[in-house]
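Peer 1: Dropping the structure in here first, questions after.
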Amino acid sequence: MINFRSVLSRLGLRARSGEPAAPDWDDSDLIVVVSAFDDAEAASAVLARSPEWVETGAAVLRHHLLLPPGAVAQAAELLEPDGWRLRPAPEAEQAAFGTAPAPGEEPLFAERVQKLDALHCSQENARMAGLAQRLGGRAVGWVALQSG
């Protein structure tokens with residue numbers, strides 16, 4: 150599937166007049182600007198404590214999931230219609246999960262390009278937690294990436 154926002158971003162164009170170009174989720178210049186791995190911390194507090202986060206810019210929202218291998222295809226099928234991609238977490242980035250996968254858990258990233266705000270971060274976090282639980286896995290946290 151073609152991600153038109155990524156194509157526009159690579160061309161240096163804007164998705165809509167006056168809006169910054171959406172980041173390409175495969176851009177090597179993206180850096181983590183927000184990190185949330187404590188369920189007790191509100192998304193508003195997480196965003197407020199980040200000096201790197203640019204409120205007006207789009208970001209790659211990345212949820213860290215641990216799912217049974219047999220549930221990965223179903224998770225991808227449920228997420229893709231809403232613009233999420235599900236991919237295996239590279240081994241070099243698995244330490245970012247803050248917890249080791251249990252036997253039978255596959256470390257995954259669920260990613261989507263979007264504008265960040267506390268409400269949507271909270272909603273998506275709850276969605277990922279519910280999805281992971283239904284599929285026999287767990288959602289361990291999320292990060293947001295923007296161009297560095």
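So the sequence shown is residues 150 to 297, counted in this note's numbering.
By construction, the Cβ of each residue, glycine as well, lies at the ideal position given by its N, Cα and C atoms.
For Gly253, does the count of other Cβ atoms within 10 angstroms reach 16, so buried, or fall short, so exposed?
Peer 2: As a first step, residue 253 must be located in the sequence shown, where it is residue number 104. Flag for Gly253 reads exposed.
Peer 1: Hey, how far is the Cα of Val292 from the Cα of Leu210?
Peer 2: Residue mapping note: residue 292 aligns to position 143 of the sequence shown, counting from 1. Residue mapping note: residue 210 aligns to position 61 of the sequence shown, counting from 1. If I take the Cα positions, the gap works out to 6 Å.
Peer 1: Ordered along the chain, which non-local residues of its own chain (more than five positions away) have a Cβ less than 8 Å from that of His212?
Peer 2: Within the sequence shown, residue 212 is the residue found at index 63, counting from 1. Around His212: Phe258, Ala259, Glu260, Glu273, Asn274, Met277, Ala288, Gly290 and Trp291.
Peer 1: Helix, strand or coil: how does DSSP classify Val292 here?
Peer 2: What you label residue 292 is simply residue 143 of the sequence shown in a count that begins at 1. Looking at Val292 - three-state DSSP - the assignment turns out to be strand.
Peer 1: For Val289, verify whether its CB is less than 8 Å away from any heavy atom of the ligand ZN.
Peer 2: With respect to small molecules bound, the structure shown includes none, and the ligand ZN cannot be examined in it.
Peer 1: Go ahead and pull the three-state DSSP assignment for Pro239.
Peer 2: If you number the sequence shown from 1, residue 239 lands on position 90. Coil at Pro239, not helix or strand.
Peer 1: Does DSSP classify Val182 as helix, strand or coil?
Peer 2: As a working note, residue 182 is residue 33 in the sequence shown. Residue state, collapsed to three classes: strand.
Peer 1: Exposed or buried, what is Ala251 when buried is set at 16 or more other beta-carbons lying within 10 Å of its beta-carbon?
Peer 2: Position 102 of the sequence shown holds residue 251. Classification of Ala251: exposed, given that the 10 Å Cβ count is below 16.
Peer 1: When you compare only the Cα positions, how much space is there between Val262 and Trp233?
Peer 2: The residue given as residue 262 occupies position 113 in the sequence shown. The residue given as residue 233 occupies position 84 in the sequence shown. Computed Cα separation, rounded: 8 Å.
Peer 1: Any idea which residues DSSP pairs Val262 with across the strands?
Peer 2: Here residue 262 refers to the residue found at position 113 when the sequence shown is read from its first residue. Val209, per the DSSP bridge assignment.
Peer 1: Quick one: what's got a C-beta closer than 6 Å to Glu201's C-beta in the same chain, skipping five residues either side?
Peer 2: Taking the sequence shown and counting its residues from 1, one reaches residue 201 at position 52. For Glu201, where only same-chain residues beyond five positions count, the Cβ hits under 6 Å are Val182.
Peer 1: Between Ser199 and Ala185, what straight-line distance do the alpha-carbon atoms span, to the nearest angstrom?
Peer 2: On the sequence shown, residue 199 is found 50 positions in, with the first residue counted as 1. On the sequence shown, residue 185 is found 36 positions in, with the first residue counted as 1. Taking the straight line joining both Cα atoms gives about 11 Å.
Peer 1: Can you check which of these residues, Ala244, His269 and Leu265, is closest to Leu214 by C-alpha distance?
Peer 2: One-based indexing of the sequence shown puts residue 214 at position 65. Ranking Ala244, His269 and Leu265 by Cα distance to Leu214 puts Ala244 first.
Peer 1: Should Ala224 be labelled buried (16 or more other beta-carbon atoms within 10 Å of its own) or exposed?
Peer 2: For the purposes of this step, residue 224 is taken as the residue at position 75 of the sequence shown. The residue in question, Ala224, is buried, as its Cβ has 16 or more Cβ neighbours within 10 Å.
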